[in-house]
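Engineer: Under the numbering used here, the first residue of the sequence shown is numbered 780, with each subsequent residue one higher. Every residue, glycine too, gets a C-beta built ideally from N, C-alpha and C.
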Amino acid sequence: MQKPLLIKINPLDNVAIVVNDGGLAQGTVIEAYDLCLIEYIPQGHKVLLEDLKNGASIIRYGEVIGYVNCDLNAGAWVNEAVTRMPTPPDLSELELATRPAPQMEPLTGYTFKGYINKDGSVGTKNLLAITTSVNCVEGIVDHVVKIIERELLAEYPNVDGVVGLNHLYGCGVAIDAPAAIVPIRTIHNLALNPNFGGEVMVVSLGCEKMQPERLLSLPTENKRIPLEDEDIIQLQDEQHHGFQSMIDHILAVAKIHLEKLNQRQREVVSASHLVVGMQCGGSDAFSGVTSNPAVGFASDLIIRCGGTVMFSEVTEVRDGIHLLTPRAENEQVAKDLIREMQWYDDYLAAGKVDRSANTTPGNKKGGLNNIVEKAMGSIAKSGRSAIVEVLSPGQKPTKKGLIFAATPSSDFICGTQQMASGITVQVFTTGRGTPYGLAAVPVIKMASRNTIANRWYDLIDISAGDIAIGKKTIEEVGWELFELILKVASGEQQTWSDKWGIHNSLAVFNPAPVT
């Protein structure tokens, strides 16, 4: 029989989480804490380690994650029903760039096999991407993608696949609204993801608000994708007579780009060319104890190699922002973090909700009482490195290192926005389990618990569950993840989502009005 086991993260904590599968029964004695449970407590949920009076602070990660709304005795179950959420940190009273980054020795000699692009970026896949200017053409593009996969790809053995960059934007929208820059910039930058080899083609309807010229050019950011006229296919063009004429035209342009992509070969490059997105979804109370800290350790390894790591999800950072602004490389980066927090506060307020709406039923069932507790575990993915740059949604980085790429916390929107910002691999941690995947970017799924990794043995790529039971350290699992990232980036190991072809649709963030 498994010995009762609790995890307390910080010496200041007055709660610990239950490790045992199935939870712990009422009356269970925890000798290490001189504690007897006064009720049944499920796995991952919090046990109170000391008596608390109504209004007293609940402390986990050494931070206040809430206040009890009644008197509680040691051994009680600290769940959502007995918790009152604290207010978020005041954005006007944060420390700015006050904590120097820890000195970490550079790592040299680590490499992967990638596809070198003309702009110096390096892809981990070699894909043909078909950009769309409006959702109206999605059906046509999906049809073409199936033809290419079924009839053409075999002729181009060095091409890994074809993806249609479909989205729910382009018309019926307030194209000139200030916030419209977010979806337009996102779709523009998606076409430039390093996994697409610089080969851009656009399928347009013709009457949409977001004309290809608007999509290809971002005057406010002094950016333009240079395309030949033949790389833009307009379905309403008078040259098209019927459905097959449109299909033949798209296929003819696609073949030109497939020929170019097929000439590319993987080459050995430094790990400094890695651009890895870190994300979590279906989180539980173990996520901040096992998988996310291991991801944070791997993040530091990538940065020590000279690579780039992006972490995101504004609402899952907001309550830990006071822990991040001191880590900014300089005051401007700290102020940029505050800018994105304030923008999102205002965005949520306009919708008459706040960050508390983030936490899902699954999060709560997994032991996370509220967004404050969830955020404390989420930011562990960022490791210890200094934050060198902050991106607004859909922007591309100008620096290497640890970057905060502002996105919503929705798995699908975050993944899409990180792709637009240029990630070529994504690590996705989960405690509850998810089949999530992206066609354009390999997604490594890491479980926070061995239970879910064992049940979902052909969907989860790596588990951090051994950390919870003391079999492995955070550092050991972090190294395992780092080495797996290099193998996946090299095409030497396929993720489960790629093996099964489980790929979610793109979800472009659109905060602008729909007219």
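With a floor of 4 residues, list each alpha helix (DSSP H) that falls wholly inside the stretch 971-1020, ordered by position along the chain.
Structural biologist: Runs found: 991-995.
Engineer: Taking the CB atoms as reference points, tell me whether Ser-912 and Ser-983 lie closer together than 7 angstroms.
Structural biologist: Locating residue 912 in the sequence shown gives position 133, counting from the first residue. Locating residue 983 in the sequence shown gives position 204, counting from the first residue. Result yes, Cβ atoms of Ser-912 and Ser-983 sit closer than 7 angstroms.
Engineer: CA-CA distance, Lys-1266 and Val-920?
Structural biologist: Numbered from 1 along the sequence shown, position 487 holds the residue referred to as residue 1266. Numbered from 1 along the sequence shown, position 141 holds the residue referred to as residue 920. Cα to Cα, Lys-1266 sits roughly 32 angstroms from Val-920.
Engineer: Assuming Met-980 contacts Ile-909 (C-beta within less than 8 angstroms), just tell me the rounded distance between them.
Structural biologist: Start at 1 with the first residue of the sequence shown, and residue 980 comes out as number 201. Start at 1 with the first residue of the sequence shown, and residue 909 comes out as number 130. With 8 angstroms as the limit, Met-980 and Ile-909 qualify as a contact, their Cβ atoms being about 6 angstroms apart.
Engineer: Taking the Cβ atom as the reference point for each residue, do Cys-1256 and Ala-1073 lie within a distance shorter than 7 angstroms?
Structural biologist: One-based indexing of the sequence shown puts residue 1256 at position 477. One-based indexing of the sequence shown puts residue 1073 at position 294. Residue 1256 is actually Val in this sequence, not Cys. Their beta carbons are under 7 angstroms apart, which means Val-1256 touches Ala-1073 by this criterion.
Engineer: Roughly how many angstroms lie between the CA atoms of Asn-1148 and Thr-999, to the nearest whole one?
Structural biologist: Numbered from its first residue, the sequence shown carries residue 1148 at position 369. Numbered from its first residue, the sequence shown carries residue 999 at position 220. Each residue's Cα considered, the two are about 42 angstroms apart.
Engineer: State buried or exposed for Gln-1015, treating a residue as buried only when at least 16 other CB atoms are found within 10 Å of its CB.
Structural biologist: Residue mapping note: residue 1015 aligns to position 236 of the sequence shown, counting from 1. Result: exposed.
Engineer: Once you ignore the five residues that flank Asn-1071 on each side, which residues in its own chain have a CB closer than 7 angstroms to its CB?
Structural biologist: For the purposes of this step, residue 1071 is taken as residue 292 along the sequence shown, with counting starting at 1. Here the set comprises Cys-1059, Gly-1156, Ser-1157, Ala-1159, Lys-1160 and Thr-1208.
Engineer: By the three-class DSSP mapping on this structure, what secondary structure does Gly-882 have?
Structural biologist: Locating residue 882 in the sequence shown gives position 103, where the first residue counts as 1. The sequence given here has Gln at residue 882, not Gly. Gln-882 falls in the coil class under three-state DSSP.
Engineer: Which ranges would you report for the beta strand (DSSP E) in the stretch 1124-1180 if only whole runs of at least 3 residues count?
Structural biologist: With a minimum length of 3 residues, the continuous beta strand (DSSP E) runs that stay inside the stretch 1124-1180 are 1166-1170.
Engineer: Just reading off the beta strand (DSSP E) that Met-1025 is part of, what are its end residues?
Structural biologist: Translated into the one-based positions of the sequence shown, residue 1025 becomes position 246. Premise fails: Met-1025 lies in the alpha helix (DSSP H), 1022-1041, not in any beta strand (DSSP E).
Engineer: Distance check for Asn-799 and Ala-1185, CA to CA, integer angstroms please.
Structural biologist: The residue labelled residue 1185 in the question sits at position 406 within the sequence shown. The residue labelled residue 799 in the question sits at position 20 within the sequence shown. For Ala-1185 and Asn-799, the distance between alpha carbons rounds to 36 angstroms.
Engineer: Can you tell which of Asp-898, Asn-793 and Tyr-819 has its C-alpha closest to the C-alpha of Leu-755?
Structural biologist: Within the shown structure, residues of the chain are numbered from 780 to 1294, placing residue 755 beyond reach of any answer.
Engineer: Pull up the distance between the alpha-carbon of Ala-811 and that of Asn-1229, whole angstroms please.
Structural biologist: Here the question's residue 811 lines up with position 32 in the sequence shown. Here the question's residue 1229 lines up with position 450 in the sequence shown. Roughly 24 angstroms between the two C-alpha positions.
Engineer: Note down the Cα distance separating Val-1112 from Pro-1105, rounded to an integer number of angstroms.
Structural biologist: In the sequence shown, the residue the question calls residue 1112 occupies position 333. In the sequence shown, the residue the question calls residue 1105 occupies position 326. Each residue's alpha carbon lies about 10 angstroms from the other.
Engineer: Measuring from the CB of Ser-1164, is there a heavy atom of the ligand GTP at a distance below 6 angstroms?
Structural biologist: Only the bare structure without any ligand can be found here, which leaves the ligand GTP out of the picture.
Engineer: CB Leu-831 to CB Leu-851, shorter than 7 angstroms?
Structural biologist: If you number the sequence shown from 1, residue 831 lands on position 52. If you number the sequence shown from 1, residue 851 lands on position 72. It is a contact, given that the beta carbons lie within the stated cut-off.
Engineer: Can Glu-1119 and Cys-1193 be called in contact, C-beta distance under 7 angstroms?
Structural biologist: Counted from its first residue, the sequence shown places residue 1119 at position 340. Counted from its first residue, the sequence shown places residue 1193 at position 414. No. Outside cutoff.
Engineer: Considering only DSSP beta bridges, list what Met-1089 is partnered with.
Structural biologist: Here residue 1089 refers to the residue found at position 310 when the sequence shown is read from its first residue. Answer by DSSP bridge pairing, in chain order: Gly-1056 and Ile-1182.
Engineer: From Ile-1202 to Lys-787, what does the alpha carbon distance come to, in whole angstroms?
Structural biologist: The sequence position of residue 1202 within the sequence shown is 423, counting from 1. The sequence position of residue 787 within the sequence shown is 8, counting from 1. Each residue's alpha carbon lies about 34 angstroms from the other.
Engineer: Of all the beta strand (DSSP E) runs that stay within the bounds of the stretch 1217-1258, which reach a length of 3 or more residues?
Structural biologist: Within the stretch 1217-1258, the complete beta strand (DSSP E) runs of at least 3 residues are 1222-1226.
Engineer: Is the stretch 948-964 close to the stretch 1224-1240, with three or more CB pairs under 8 angstroms?
Structural biologist: Short answer: they don't touch.
Engineer: From the DSSP output, in three-state form, read off Thr-1213 for me.
Structural biologist: For this step, residue 1213 is matched to residue 434 along the sequence shown. Coil at Thr-1213, not helix or strand.
Engineer: What's the call for Gly-815, buried or exposed, on a 16-neighbour Cβ count within 10 Å?
Structural biologist: For the purposes of this step, residue 815 is identified with residue 36 of the sequence shown, where counting begins at 1. In the sequence on display, residue 815 carries Cys and not Gly. It is exposed - the Cβ of Cys-815 has fewer than 16 other Cβ atoms within 10 Å.
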